[in-house]
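Count along the sequence shown from 1, then add 6; that gives the number in the numbering used here. Using N, Cα and C, we set each Cβ at its ideal position, and we do this for glycine too.
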Amino acid sequence: MRYFSPLTLSARIAHERLIRMCFIDYDREMALVVDREDPATGALAIVAVGRLIKLYAKPEAEYAGLIGDQFQGHGPGTEVLRRLVRAARDEGLRRIVPETLPENRGMQRVFEKLGFRLRRRFSEGIVLADIEL
Ligand SMILES: CC(C)(COP(=O)(O)OP(=O)(O)OC[C@H]1O[C@@H](n2cnc3c(N)ncnc32)[C@H](O)[C@@H]1OP(=O)(O)O)[C@@H](O)C(=O)NCCC(=O)NCCS
7 MRYFSPLTLS ARIAHERLIR MCFIDYDREM ALVVDREDPA TGALAIVAVG
57 RLIKLYAKPE AEYAGLIGDQ FQGHGPGTEV LRRLVRAARD EGLRRIVPET
107 LPENRGMQRV FEKLGFRLRR RFSEGIVLAD IEL
């Protein structure tokens with residue numbers, strides 16, 4: 007659901023890609039993560055991430071998010087996006103324009119809850135979301 011089609015593990019953990027994911031260019035991107043402390047060991051683990059990526063030459067951004075399977079449906083997706091919308095507004099962006107798959111009802115529900123408008127684009131098999139900031 008995150009990448010619209012399966013991405014192999016080797017592609018996902020390629021060194022160059024992980025560097026790009028971890029050391030972001032804050033002029034172009036903002037990423038928020040949710041971490042959780044294991045009550046037994048005290049170890050911290052990232053359980054969710056959301057990111058905004060500015061579009062080229064426009065005051066607009068895309069959004070991408072991923073919540074760990076066992077934490078989905080408990081609100082982190084909504085909270086991460088809510089905070090990113092605030093960050094985008096503070097940054098002076100005018101719109102957030104994510105795309106998702108028609109079958110991704112969970113993502114669409116999160117968009118709706120936060121005031122995004124949804125439009126189905128049948129020819130491309132995607133749903134376009136957008137919110138004016
Ligand atoms: C989509 C995703 C980001 C949502 O995050 P989340 O933490 O699970 O979402 P929340 O718990 O904040 O809210 C989910 C809402 O969607 C609803 N929902 C979940 N699955 C649903 C479904 N299949 N149909 C309808 N509504 C659904 C929930 O009921 C909830 O709405 P409610 O508060 O009115 O009850 C998360 O599920 C995810 O990471 N999915 C896999 C990756 C992905 O799809 N990323 C987005 C790519 S565009």
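Per the Cβ contact rule, the stretch 55-65 is not in contact with the stretch 8-18 (fewer than 3 Cβ pairs under 8 Å).
Residue pairing by DSSP places V40 opposite A54 in a beta bridge. For R95, the CB contacts under 6 Å within the same chain, skipping 5 residues up- and downstream, are L139 in chain order. Taking the Cα positions, G48 is about 22 Å away from H80. For the pair A135 and V86, the CB atoms are not nearer than the 7 Å cut-off. Annotated three-state conformation of A135 is strand, per DSSP.
Taking 7 Å as the cut-off, the beta carbon of I102 is found closer than this to the beta carbon of Y69. Annotated three-state conformation of L124 is strand, per DSSP.
Short note on V133: C-beta not closer than 6 Å to any heavy atom of ligand 1.
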